[in-house]
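Student: Residue numbers (my numbering): 16 to 559.
Positions of the beta carbon are idealized from the N, C-alpha and C atoms, including for glycine.
Just passing along the structure, written as structure tokens.
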Ligand code: AMP
Ligand code: MG
């Protein structure tokens, strides 16, 4: 079936590109109903899962960075990034043969309120590649120009947010956390107008495009919108498609398999959030349109990493007053979002009760995996609920007494020996690096921290695990290096000058996040004071 294209397609289709050897198998667009209109203007789209679109060409696409692992996974030749057509295609100035551009139609709850149709306003699918290992992976450009879902916005993205998305997707993958991936970061050579802090001071910023890669970019909001509109034919087609393509083990479409699917989505979402809590990742905009049905971290916007441990911290300035998406709320919000997803499936089931039961997979999985995760973080060979729940609770209290860097704390804690006699010396010499204000390690705060360390020490002495084995268990789940907000900002400052070298440098150290890399120790230090209040380092907005 030859795909209809929007009229007119604004970029050429080229045959000589690194993608010419890729095998495209564009199931999403072949299986699901398309918007019959190919008009580009912003509008409501009914009875369809996507619209055909075209990238809008940019001035001078320049490759700023690429991920060699993702290129390899797609089966692209290893020198692909040197081919001039690589930046042409990934900058949206051409389509490779086999590609077809489309924007998905979805809705969502934003900050708890139903927002109606949202859709890919600047993201564009380019098709699905069958990889050498037999997987099917979708390519998607973010920032490639307007679509029918752009509403009043321009369809573009800035270098700032694109560097952040590129680096964090890859960093998350290397941390072993489910995520969409990133193939490339391309500067567009165009300027876009952004009011970064929504305070009436718009400025021109350099544009960029990231190519994201995932088995699917389907979100909770794709189902929600169809259910909300009572478009049950399209909803059924989309749910059946999802089940058959991404959950084939759950059986052919039926009410039972739909319920099993909701259960598996709940389970994967719980596992994802446990992983986020483990490494101190705060997504920042957990709207239901930013929740992947595959349980992937998706849509990197104003995310951040906990530096000083504060469960009420949110990196997103838009969220500063309500703190809906702060670190400590992520599990509860994920569950709330799952209930909205289940409402999207409800019309196919007709009865809420079995859906509520299916959703219980979330608390079950979360509780089980959270205890497992915490015991690994603390190096406990087994979780003893009677003792360890209070050890954990007191730890969270102690971490908030004196501004404590979460990442460094757990790495340093691993050094403690079960036989160490001088806990004060351990605190003052080893753990000290984890504190932003070490002079505050005095009086009752000091007493509380020392008392917790002694309790922890008794606990590890009571188990049959050597210091060395405990240390390696802890270091396998507590990262040495994470993408601290200020590090990303330093890479952005250079990328805005057309220099992607620091993006590559960070990408390289983030490939081995659990390994002590003494030659890169500067990237593992706590946030410097200058970054405490600098925009981009401590606070971010949705503007991107
Ligand atoms: P986000 O908060 O990034 O998840 O975006 C929410 C919605 O706004 C999605 O439908 C996006 O496609 C859309 N959107 C965000 N930024 C832009 C932009 N610059 N141009 C068009 N649509 C956008
Ligand atoms: Mg989004």
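Going by DSSP, what residue range makes up the alpha helix (DSSP H) through residue 380?
Tutor: In the chain shown, residue 380 corresponds to position 365, counting from 1. 376-393 is the span of the alpha helix (DSSP H), which, as asked, contains residue 380.
Student: Per the DSSP calculation, residue 29 is bridged to which residue(s)?
Tutor: Looking up residue 29 in the chain shown gives position 14. Per DSSP, 111.
Student: Which residues neighbour ligand 1 when neighbourhood means a C-beta less than 7 Å away from any of its non-hydrogen atoms? List them by chain order.
Tutor: 133, 134, 135, 136, 137, 138, 161, 164, 165, 166, 168, 169, 170, 171, 172, 300, 302, 304, 305, 314, 316, 557, 559
Student: Could you tell me whether the Cβ atoms of residue 499 and residue 320 are closer together than 8 Å?
Tutor: Here residue 499 refers to the residue found at position 484 when the chain shown is read from its first residue. Here residue 320 refers to the residue found at position 305 when the chain shown is read from its first residue. Residue 320 is positioned such that its CB atom lies closer than 8 Å to that of residue 499.
Student: Below 8 Å on the Cβ atoms is my contact criterion, and I expect residue 70 with residue 156 to pass it. Report the Cβ-Cβ distance as a whole number of Å.
Tutor: Reading the chain shown from its first residue, position 55 is the one you call residue 70. Reading the chain shown from its first residue, position 141 is the one you call residue 156. At roughly 7 Å, the Cβ-Cβ gap stays under 8 Å, so residue 70 and residue 156 are in contact.
Student: Rank 542, 556, 551, 507 by C-alpha distance to the C-alpha of residue 202 and give the top, closest one.
Tutor: The count along the chain shown starts at 1 and reaches residue 202 at position 187. Answer by Cα proximity: 507.
Student: Under the three-state reduction of DSSP, which class applies to residue 541: helix, strand or coil?
Tutor: As a position in the chain shown, residue 541 is number 526, starting the count at 1. In the structure shown, residue 541 sits in coil (DSSP, three-state: anything other than H, G, I, E or B).
Student: Can you tell me where the beta strand (DSSP E) with residue 205 in it begins and where it stops?
Tutor: The residue you call residue 205 lines up with position 190 of the chain shown. First-last of the beta strand (DSSP E) with residue 205: 196-209.
Student: So is residue 547 buried or exposed if we call it buried at 16+ other beta carbons inside 10 Å?
Tutor: One-based indexing of the chain shown puts residue 547 at position 532. Counting C-beta atoms within 10 angstroms of its own C-beta, residue 547 has fewer than 16 neighbours from the protein chains shown and is therefore classed as exposed.
Student: Excluding five sequence neighbours on each side, which residues of the same chain lie with their C-beta closer than 7 Å to the C-beta of residue 293?
Tutor: In the chain shown, residue 293 corresponds to position 278, counting from 1. Hits under 7 Å: 388, 392, 492.
Student: I need the boundaries of the beta strand (DSSP E) containing residue 73, first residue and last residue.
Tutor: In the chain shown, residue 73 corresponds to position 58, counting from 1. Segment: none, residue 73 is in no beta strand (DSSP E) and carries neither H nor E.
Student: With distances taken Cα to Cα, identify the nearest neighbour of residue 148 among 90, 96, 100.
Tutor: For the purposes of this step, residue 148 is identified with residue 133 of the chain shown, where counting begins at 1. Selected option, being the one with the closest Cα: 90.
Student: In the DSSP assignment, find the alpha helix (DSSP H) that holds residue 424 and state where it starts and stops.
Tutor: To locate residue 424, count along the chain shown from 1; it is residue 409. Note, residue 424: alpha helix (DSSP H), 421-428.
Student: Determine the closest residue to residue 463 out of 169, 495, 32, 412, with distance taken between C-alpha atoms.
Tutor: In the chain shown, the residue the question calls residue 463 occupies position 448. Here the closest residue by C-alpha is 412.
Student: Thinking C-alpha only, which one of 205, 119, 347 is nearest residue 224?
Tutor: As a first step, residue 224 must be located in the chain shown, where it is residue number 209. Checking every option, the nearest Cα to that of residue 224 belongs to 205.
Student: Look up residue 550 in the DSSP assignment and give the residues it is bridged to.
Tutor: Walking along the chain shown from the start, residue 550 turns up at place 535. Answer is 554.
Student: Determine whether the beta carbon atoms of residue 443 and residue 417 lie at a separation below 8 Å.
Tutor: Counting from 1 along the chain shown, the entry for residue 443 is found at position 428. Counting from 1 along the chain shown, the entry for residue 417 is found at position 402. Contact flag unset, no.
Student: So, is residue 38 buried or exposed, given that buried needs 16 or more other C-beta atoms within 10 angstroms?
Tutor: Looking up residue 38 in the chain shown gives position 23. Burial call: exposed.
Student: With a threshold of 8 Å, are at least 3 pairs of Cβ atoms found where one atom belongs to the stretch 371-386 and the other to the stretch 274-281?
Tutor: yes
Student: So, helix, strand or coil for residue 358, using DSSP?
Tutor: Here residue 358 refers to the residue found at position 343 when the chain shown is read from its first residue. Shown here, residue 358 sits in a helix according to DSSP, grouped into three states.
Student: Since residue 236 and residue 347 are thought to touch, with beta carbons under 8 Å apart, how far apart are those beta carbons, to the nearest angstrom?
Tutor: Taking the first residue of the chain shown as 1, we reach residue 236 at position 221. Taking the first residue of the chain shown as 1, we reach residue 347 at position 332. Not a contact, Cβ separation roughly 19 Å.
Student: Between the Cα of residue 556 and the Cα atoms of 214, 72, 306, which residue gives the shortest distance?
Tutor: Locating residue 556 in the chain shown gives position 541, where the first residue counts as 1. With distances taken between Cα atoms, residue 556 lies closest to 214.
Student: Around the C-beta of residue 16, are 16 or more other C-beta atoms found within 10 angstroms, so that it is buried, or is it exposed?
Tutor: Taking the first residue of the chain shown as position 1, residue 16 is located at position 1. Reliability of the predicted coordinates at residue 16 is poor, the pLDDT of 45 falling under 50, and no value is obtained from them.
Student: Using the C-alpha atoms, what's the distance from residue 81 back to residue 33?
Tutor: In the chain shown, the residue the question calls residue 33 occupies position 18. In the chain shown, the residue the question calls residue 81 occupies position 66. Rounded to whole angstroms, residue 33 to residue 81 spans 14 Å at the Cα level.
Student: How is residue 272 classed by DSSP in three states: helix, strand or coil?
Tutor: Locating residue 272 in the chain shown gives position 257, where the first residue counts as 1. Three-state result, residue 272: helix.
Student: Thinking C-beta only, is residue 165 closer than 8 Å to residue 234?
Tutor: Mapped onto the chain shown, residue 234 falls at position 219. Mapped onto the chain shown, residue 165 falls at position 150. Cβ atoms of residue 234 and residue 165: not closer than 8 Å.
Student: May I ask you to report which of helix, strand or coil DSSP gives residue 119?
Tutor: For the purposes of this step, residue 119 is taken as the residue at position 104 of the chain shown. Residue state, collapsed to three classes: strand.
Student: Could you name the residues that DSSP lists as bridge partners for residue 128?
Tutor: The residue given as residue 128 occupies position 113 in the chain shown. Its beta-bridge partners are 125.
Student: Taking only three categories from DSSP, how would you classify residue 38?
Tutor: Looking up residue 38 in the chain shown gives position 23. Three-state result, residue 38: strand.
Student: Leaving out five residues before and five after residue 301 in sequence, what residues of the same chain have Cβ atoms less than 6 Å from its Cβ?
Tutor: As a working note, residue 301 is residue 286 in the chain shown. Only 340, 348 meet the Cβ criterion.
Student: Taking its Cβ as the centre, do 16 or more other Cβ atoms sit within 10 Å of residue 67, making it buried, or is it exposed?
Tutor: Stepping through the chain shown from its first residue, residue 67 is reached at position 52. So residue 67 counts as buried.
Student: Would residue 171 be called buried (16 or more neighbouring beta carbons within 10 Å of its own) or exposed?
Tutor: Residue numbering aside, residue 171 sits at position 156 when the chain shown is read from its first letter. Under this definition residue 171 is a buried residue.
Student: So residue 246 and residue 61 are in contact, right, with Cβ under 8 Å, and what is the actual spacing, rounded?
Tutor: As a first step, residue 246 must be located in the chain shown, where it is residue number 231. As a first step, residue 61 must be located in the chain shown, where it is residue number 46. Yes, residue 246 and residue 61 are in contact; Cβ-Cβ is about 7 Å, under 8 Å.
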